[in-house]
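Residue numbers (the working numbering), protein chains in the order written: chain P, 13 to 529; chain U, 125 to 382.
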């Protein structure tokens with residue numbers, strides 16, 4: 013069997029388990045919050061419209077944005093909590109995902125619930141009052157049982173939405189089946205993307221069918237059918253819980269990774285090194301660029317690789333440029349002082365933002381440097397990843413060289429190189445260590461004014477692990493050991509179109525190449 | 125047994141006056157028919173007895189006690205209520221429907237089962253129907269269950285709002301006369317709302333005619349047939365008589381020809 017398929021299958025118990033637990037918790041919470049709202053809203057038209065309106069508005073927020081919005085919100089709440097009670101909580105991972113998906117699950121439950129309750133036959137309501145039921149008895153004995161099939165249909169819809177939406181919790185640091193999709197998309201591993209899609213679809217269909225059994229049991233007054241469906245669902249969730257508990261073991265080192273090949277490879281390499289010290293280690297991949305540092309500072313992850321220029325501008329908010337050595341020194345002191353984060357050292361290569369063009373285009377226009385580019389920019393189109401145009405480097409480049417392009421477009425990193433290769437754009441933002449620069453025969457334009465600061469790959473360690481001996485023993489041998497060409501080769505092994513390998517395989521190759529095996 | 129003292133009720137913030145300053149008494153064991161056009165206020169009067177509707181002014185008393193001083197649902201558990209919509213609980217079996225008020229009153233299981241069996245016999249349905257669901261019954265059978273449900277907790281008062289209005293004429297007649305027998309044998313006090321004068325005449329001991337929220341005639345059926353000044357009431361009472369006469373003449377023709 014294909015190695016990529018086998019690799020995906022190995023990750024399934026963890027990804028599926030976490031996906032199931034997250035979805036089940038969101039759905040259960042959504043149901044518990046919605047039910048009282050349904051009862052109140054069905055009895056009072058003045059409450060009904062605001063409640064349903066709010067739920068509808070939530071539904072129109074793109075789910076990824078909803079997940080992303082909960083992160084800063086929770087960060088603020090966590091800070092306040094820490095202020096009041098002395099310790100904060102992680103604003104990443106499970107919590108923001110749970111809250112966003114809970115909100116997401118509420119609309120179908122609310123809408124169906126209210127419809128179900130207000131449509132109970134008026135004659136039956138009158139009879140319930142006539143035989144002497146209190147409001148509560150009428151609700152519990154008559155209205156809820158009669159509306160139950162409609163409410164269950166809403167729960168079913170919500171379940172399918174939540175299971176689909178949970179794949180989007182990966183970028184906020186919650187492991188889910190979305191990990192297959194996000195990582196697969198980054199490194200063009202379509203086996204992984206497809207695997208993740210099919211797993212999510214299979215899960216959604218199974219849950220939908222089991223809830224359908226419950227719905228049918230409730231609608232046809234066959235309690236045993238309903239219990240059968242409920243027990244099967246319960247067994248599924250319990251199995252996920254048990255498998256996660258069993259996998260948990262002793263608290264493992266968590267190595268973070270952002271969302272591109274080099275990060276996956278380095279995280280796999282670091283994880284391997286820790287395992288060689290007989291310690292458990294896992295990776296948490298696909299973190300957003302700034303989220304990764306925040307996660308580290310709040311001990312959500314234990315270590316990861318970042319780039320000096322990124323930390324300099326986005327974390328330390330510095331826009332001046334210093335000589336490389338001085339910059340690293342200042343960064344080490346400052347991170348320790350402000351965040352308790354340890355800068356262990358640089359890996360030896362640089363992954364800077366750069367501007368790249370097709371070799372033939374650059375030659376025919378006589379462009380070698382960014383200064384040359386500025387002359388031709390008004391006729392050219394530039395493509396960047398999602399982050400690039402919002403970064404201070406871009407602002408600095410534009411200001412210093414007077415860059416004005418004809419058109420500016422954003423691409424997923426995977427498609428960025430293809431876009432320039434197929435002449436959809438003329439210039440792209442590139443990462444200097446990316447293997448695809450050579451593969452697509454691109455040239456990196458020189459930066460004669462040194463506007464772009466150094467981007468040395470550096471290992472950062474969380475405050476909690478600041479003096480952790482195992483982590484140091486495992487990671488220190490990597491410092492200064494990875495030259496640019498080896499990193500580029502490793503990246504290319506994962507990014508190329510044919511004979512592609514998994515990030516883990518590339519990490520093993522890299523470890524071999526730098527003689528640590 | 126039941127008494128109205130200067131009772132008024134309006135809907136839509138006073139724009140529609142449904143009942144205007146009505147007073148009357150209903151004696152124990154009486155069978156009173158409230159007759160009138162739709163919108164006359166007869167149903168409003170009925171529902172004020174078991175507090176499904178609250179009066180704006182005046183006092184409604186049951187057994188000498190103002191209903192305002194009682195807890196609504198406790199009052200309703202003591203009064204049987206049957207209406208045109210029937211309103212059997214579709215998710216409960218026939219037995220569970222009949223036994224609902226005893227359950228609310230906290231009777232013992234065995235007592236409820238015994239009472240349910242007794243009632244199904246009383247409304248002349250086979251006992252095998254106890255386990256059926258309401259949807260498996262015909263309209264007439266459903267209303268028999270409706271009557272049984274209303275009688276379950278041994279009420280002394282029965283309120284009936286067009287109880288047999290939606291049934292076919294034969295079933296309607298059968299159920300009407302069967303209920304009248306139950307009324308007599310159980311010593312009930314019944315107030316029945318109907319727009320069908322014939323039904324009122326055949327079942328009631330006393331007919332109260334309501335128009336625009338006020339009582340325009342009140343008496344035994346034969347009294348209303350004979351002495352009445354109100355043209356509207358005369359026209360109303362005239363109808364069953366003319367119908368009866370026409371039927372009698374048709375029968376005589378048949379006899380003469382035969």
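Glycine residues also receive a C-beta, built at the ideal position from the N, C-alpha and C atoms.
In the same chain as residue 42 (chain P), and ignoring 5 residues on each side of it, the C-beta atoms closer than 8 Å to its own belong to 113, 114, 115, 116, 117, 118, 121, 170, 174, in chain order. When Cβ pairs closer than 8 Å are counted between the two stretches, the stretch 305-323 of chain P is seen not to touch the stretch 135-153 of chain U, the count staying below three.
Collapsing the DSSP output to three states places residue 350 (chain U) in a helix.
Bridge pairing for residue 192 (chain P): absent [DSSP].
Around residue 158 (chain P), the beta-carbon contacts reaching into chain U at under 9 Å are 213, 214, 215. Scanning U:361, U:203, U:159 for the CA closest to the CA of residue 271 (chain U) turns up U:203. Runs of the beta strand (DSSP E) lying entirely within the stretch 40-120 of chain P, each at least 3 residues long, are absent.
The C-beta of residue 179 (chain P) has 16 or more other C-beta atoms within 10 Å across all chains shown, which makes the residue buried.
Beta-bridge pairing by DSSP links residue 127 (chain U) to U:149, U:185. Rounded to the nearest whole angstrom, the C-alpha separation of residue 525 (chain P) and residue 256 (chain P) is 35 Å. In the three-state DSSP reduction, residue 155 (chain P) falls in the helix class (H, G or I). Rounded to the nearest angstrom, the gap between the Cα atoms of residue 343 (chain P) and residue 124 (chain P) is 55 Å. Annotation: residue 156 (chain P) to residue 129 (chain P) spans about 7 Å, alpha carbon to alpha carbon. Taking a 10 Å sphere around the C-beta of residue 294 (chain U), we find fewer than 16 other C-beta atoms and assign the residue as exposed. Contact check between the stretch 231-245 of chain U and the stretch 192-210 of chain U: fewer than three CB pairs, one atom from each, fall below 8 Å, which does not count as touching. The C-beta separation of residue 340 (chain P) from residue 469 (chain P) comes to about 12 Å, leaving the pair out of contact by the 8 Å criterion. Against residue 154 (chain P), the close residues of chain U are 213, in the order they occur along the chain (beta-carbon pairs closer than 7 Å). Residue pairing of residue 140 (chain U) in beta bridges, as defined by DSSP: U:135. Judged by DSSP in its simplified three-state form, residue 328 (chain P) adopts coil rather than helix or strand. Listed along chain P, the residues sitting closer than 8 Å to residue 207 (chain U) by beta-carbon distance are 135, 138, 139, 142.
Annotation: residue 161 (chain U) to residue 319 (chain U) spans about 6 Å, alpha carbon to alpha carbon. By the C-beta density criterion, residue 424 (chain P) is exposed, having fewer than 16 other C-beta atoms within 10 angstroms. Shortest Cα-Cα distance from residue 14 (chain P) to any of P:203, P:33, P:197 involves P:203. Residue state for residue 504 (chain P) is assigned as helix, using DSSP reduced to three classes. Every alpha helix (DSSP H) of 4 residues or more that sits fully in the stretch 289-365 of chain U is shown, in chain order, as 293-310, 321-327, 345-350. For residue 274 (chain P), DSSP records no beta bridge to any residue.
When beta bridges are read from the DSSP output, residue 316 (chain P) appears opposite P:472.
Residue environment for residue 190 (chain U): exposed (fewer than 16 other C-beta atoms within 10 angstroms of its C-beta). Leaving aside the five residues that flank residue 361 (chain U) on each side, the residues in its chain whose CB is nearer than 6 Å to its CB run, in chain order, 348, 349. Taking 9 Å as the CB threshold, residue 146 (chain P) lines the interface with chain U.
For the C-beta of residue 198 (chain U), the chain P residues within less than 9 Å are, from N- to C-terminus, 144. Residue 313 (chain P) sits away from residue 287 (chain P), with the two beta carbons spaced by 9 Å or more. Between residue 316 (chain P) and residue 291 (chain P), the beta carbon gap of about 17 Å keeps them out of contact (Cβ cut-off 8 Å). Taking all protein chains shown into account, residue 329 (chain P) has fewer than 16 neighbouring C-beta atoms within 10 Å of its C-beta and is therefore exposed.
Straight across, the Cα-Cα distance linking residue 413 (chain P) with residue 441 (chain P) is about 16 Å.
Between residue 443 (chain P) and residue 365 (chain P), the beta carbon gap of about 7 Å places them in contact (Cβ cut-off 8 Å).
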